[in-house]
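Numbered continuously in the numbering used here, the sequence shown closes out at residue 690. Take a look at the structure below.
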Amino acid sequence: MLPLELLSPAKDKAVGIAAIDCGADAVYIAGPAWGNRKAAGNSIEDIRELCAYAHRFGVRIYLTVNTLIYPDEWTAVHGMMLEAQDAGVDAFIIREERLREFSDITVPMHASTQCSILTPERAKELEAIWCSRLILERGLSLEDVKKIRAAVDCELEFFVHGALCVCYSGECRLSEYLDGRSADRGECIQACRSLYDLTDASGKVLVRNKALLSMRDFKLLDRLEDLAGAGVCSFKIEGRLKNASYVKNVVREYSMALDALVQKYPERYCRASFGHVSGGFAPDSDRTFNRGYTSWWLDGKRGRWSAMDNAGGEYIGIVLAVKPSGAGLLLSLKPARPGIILSNGDGFAFPGRGGVTGFRADRCDGMQIWCKKLDGLRPGVKLWRNISAAFERVIDASSPKREVLVDVDVKISGSFVVELRATTEDGRTAVSSFKADVERADNRERSEAMLREQLSKRSGEFLFRVRSLEAPGPLPLLSASTINSMRRLLAEDIPHFTPSSSEAAPPAGNCATLGNIRGRGPQAERSGRGRVATFPAGGAASEAGGKKISHPLMRTKYCIRYELGMCPRFQGATASGPLFLLNNGRRLALHFDCARCEMTVERP
Numbered sequence: 087m088l089p090l091e092l093l094s095p096a097k098d099k100a101v102g103i104a105a106i107d108c109g110a111d112a113v114y115i116a117g118p119a120w121g122n123r124k125a126a127g128n129s130i131e132d133i134r135e136l137c138a139y140a141h142r143f144g145v146r147i148y149l150t151v152n153t154l155i156y157p158d159e160w161t162a163v164h165g166m167m168l169e170a171q172d173a174g175v176d177a178f179i180i181r182e183e184r185l186r187e188f189s190d191i192t193v194p195m196h197a198s199t200q201c202s203i204l205t206p207e208r209a210k211e212l213e214a215i216w217c218s219r220l221i222l223e224r225g226l227s228l229e230d231v232k233k234i235r236a237a238v239d240c241e242l243e244f245f246v247h248g249a250l251c252v253c254y255s256g257e258c259r260l261s262e263y264l265d266g267r268s269a270d271r272g273e274c275i276q277a278c279r280s281l282y283d284l285t286d287a288s289g290k291v292l293v294r295n296k297a298l299l300s301m302r303d304f305k306l307l308d309r310l311e312d313l314a315g316a317g318v319c320s321f322k323i324e325g326r327l328k329n330a331s332y333v334k335n336v337v338r339e340y341s342m343a344l345d346a347l348v349q350k351y352p353e354r355y356c357r358a359s360f361g362h363v364s365g366g367f368a369p370d371s372d373r374t375f376n377r378g379y380t381s382w383w384l385d386g387k388r389g390r391w392s393a394m395d396n397a398g399g400e401y402i403g404i405v406l407a408v409k410p411s412g413a414g415l416l417l418s419l420k421p422a423r424p425g426i427i428l429s430n431g432d433g434f435a436f437p438g439r440g441g442v443t444g445f446r447a448d449r450c451d452g453m454q455i456w457c458k459k460l461d462g463l464r465p466g467v468k469l470w471r472n473i474s475a476a477f478e479r480v481i482d483a484s485s486p487k488r489e490v491l492v493d494v495d496v497k498i499s500g501s502f503v504v505e506l507r508a509t510t511e512d513g514r515t516a517v518s519s520f521k522a523d524v525e526r527a528d529n530r531e532r533s534e535a536m537l538r539e540q541l542s543k544r545s546g547e548f549l550f551r552v553r554s555l556e557a558p559g560p561l562p563l564l565s566a567s568t569i570n571s572m573r574r575l576l577a578e579d580i581p582h583f584t585p586s587s588s589e590a591a592p593p594a595g596n597c598a599t600l601g602n603i604r605g606r607g608p609q610a611e612r613s614g615r616g617r618v619a620t621f622p623a624g625g626a627a628s629e630a631g632g633k634k635i636s637h638p639l640m641r642t643k644y645c646i647r648y649e650l651g652m653c654p655r656f657q658g659a660t661a662s663g664p665l666f667l668l669n670n671g672r673r674l675a676l677h678f679d680c681a682r683c684e685m686t687v688e689r690p
């Protein structure tokens, strides 16, 4: 049976805990440094506290150590990893091969998506150096995933939701070239979201001031079954800079989808952690900020993936009138459908000549919006809502609750000794006995009902339910407060017990645990000396045999010519001459490899 893991991002401890409560099976997060989001670092103490909370539900914590590491940093990196390991992290997400040489780091290591895992050959290289998991490139087709699955035995992780890097992961030098800040050091300036002019070789502007490299967001909510069937065990959500409401909403939606998949194939799949999630808001990722959605290259077919003209979110209606109002504007809308309710603080977007423009509403009343002055807002403009302030408030106010299910078997002897045997869904068993120096209950039926009712309640993270009650003789006359005390004491005992196996017991259904599903537990012998290919810190060029070799600034399956209807291969367009991107006087050359169906962005 294959355990399915929903892997959530967390920029900090609070977001990590929120993700766990909403159903995440694992959380990836950065430590103090060397995580590939420089603005999302965390102290070791916070990592320790997050691990302690996560492990109550069998949830795993993965620490990102996936930047390029400079020669004078190795000692400090090693020290941080030792501290994080001591704090309880379950794996490290790495990019540099040398991290495998630290013999005192014993937890598994996962090959980051920055390792550019595009082919079975590349996957074999990384498995050979004892990477227990491969985080695959997002721009793979389902058939590509199946080929990699057939080539290796280690776990496979695949992104299923969130923002898309337009280039192949680990192969982007655009930020460093334009601004000196390296994406490989967690300092990406998101140059792919910037506005560009598209020009020909003579300098003629073909398209002006659009986000020509900006892609829609990834969403594979309805493709989880396909991915699991292809051998993916971990389903990853992007977003280590996202706020708590975004993470909670997306995690809850995907967790419910994985639960449905497990319910559909109970003999084939199970969840990788335990704990029952209940209550809270009804998730809807369409109501959380997005740029519109795409399934990218999953079906191996080219599509329209650009966000340059796609506002994303929920279509609200058409602007009927625009009037000055104080220092801003008053918009009157014709709603797209009945029942739309706007709220103060809603986020809106509209496409225009300069691409997509977004703004927040200062105030809303019916179908009227007060906002700041913006170019392009005029009658006839279509508006989309990509942030619902009311929905955000619902998410914040009604979080789900996660609890470990516990079956309680009650046995009462003739001397009124009450034995409570608790068995948790993850296989822990605790036994507590209580001597009841009380009178005999006159009404057995009423006393048994009270005993069942008061024991079948919550205590801490445990949700108890009486499975059996054995009492051949009379029942003791126990008060509700006494029974509640017995239940609370039993809850205090459970964390001191461990499952019968040496590792954490699998979830219900005899499900194997991740990290050992293919005989690759955390203490497996390391072998092989393959190299995790990394690009030099300088980015665009490197030295080989005394000869300077130029690398593209970006390589991608995304194609500007196709997005603009200029593709000679699929759209019958006349082949164009050289094309260039222009931004603030900086010129970038575009090259098109039609045989491979790829585009590169290079120095002019």
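All C-beta atoms, glycine included, are put in the ideal place defined by N, C-alpha and C. All values derive from a computational prediction rather than experimental measurement.
- Take the alpha-carbon of residue 386 and the one of residue 244: they are about 16 angstroms apart.
- The distance from the Cβ of residue 453 to that of residue 419 is about 4 angstroms, consistent with a contact at the 8 angstroms cut-off.
- The Cβ-Cβ distance between residue 371 and residue 433 does not fall below 9 angstroms.
- CA-CA distance, residue 313 to residue 356, rounds to 15 angstroms.
- Classified as exposed, residue 673 has fewer than 16 neighbouring CB atoms from the shown chains inside 10 Å of its CB.
- Restricted to the stretch 459–492, the beta strand (DSSP E) segments that are unbroken, complete and at least 3 residues in length are 468–473, listed in chain order.
- In the displayed model, residue 323 falls within a strand according to three-state DSSP.
- Here residue 685 really is in contact with residue 645; their C-beta atoms are around 5 angstroms apart, less than 8 angstroms.
- Contact between residue 483 and residue 330 does not hold, since the beta-carbon distance rounds to 12 angstroms and is not under 8 angstroms.
- Residue 440 and residue 296 have their C-alpha atoms roughly 5 angstroms apart.
- By a beta-carbon distance limit of 8 angstroms, residue 179 contacts residue 150. Their separation comes to about 5 angstroms.
- Residue 434 is bridged by DSSP to 445 and 471.
- If you look at residue 115, you'll find it isn't in any alpha helix (DSSP H); it sits in the beta strand (DSSP E) that goes 112–116.
- For residue 567, the closest alpha carbon among the candidates 561, 575 and 560 is that of 575.
- CA-to-CA, the gap between residue 301 and residue 509 works out to about 49 angstroms.
- The three-state secondary structure of residue 261, taken from DSSP, is helix.
- In this structure, the beta-carbon distance from residue 669 to residue 292 does not fall below 9 angstroms.
- Taking the C-beta atoms as reference points, residue 139 is found no nearer than 9 angstroms to residue 109.
- Under the DSSP assignment, residue 344 falls outside any beta strand (DSSP E), being part of the alpha helix (DSSP H) whose first and last residues are 330–350.
- Nearest to residue 359 by C-alpha distance, out of 288, 134 and 511, is 511.
- If you compare the alpha carbons of 111, 279 and 167 with that of residue 117, the shortest gap goes to 167.
- By DSSP's assignment, residue 420 forms a beta bridge with 404.
- Within the model, the alpha-carbon separation for residue 494 versus residue 504 is close to 12 angstroms.
- Here DSSP, grouped into helix, strand and coil, assigns residue 152 to coil.
- Ranking 266, 662 and 422 by CA distance to the CA of residue 401 puts 422 first.
- Taking all protein chains shown into account, residue 350 has fewer than 16 neighbouring C-beta atoms within 10 Å of its C-beta and is therefore exposed.
- In this structure, DSSP gives residue 248 an extended state, which the three-state scheme calls strand.
- Taking all protein chains shown into account, residue 339 has 16 or more neighbouring C-beta atoms within 10 Å of its C-beta and is therefore buried.
- Ranked by how close their Cα comes to the Cα of residue 216, the residues 184, 224 and 225 have 184 in first place.
- With contacts defined as CB atoms closer than 9 angstroms, residue 199 and residue 234 fail to qualify as a contacting pair.
- Per DSSP, the unbroken beta strand (DSSP E) holding residue 669 starts and ends at 665–669.
- Between residue 188 and residue 164 a beta carbon distance of about 6 angstroms is seen, short of the 8 angstroms cut, so the two are scored as contacting.
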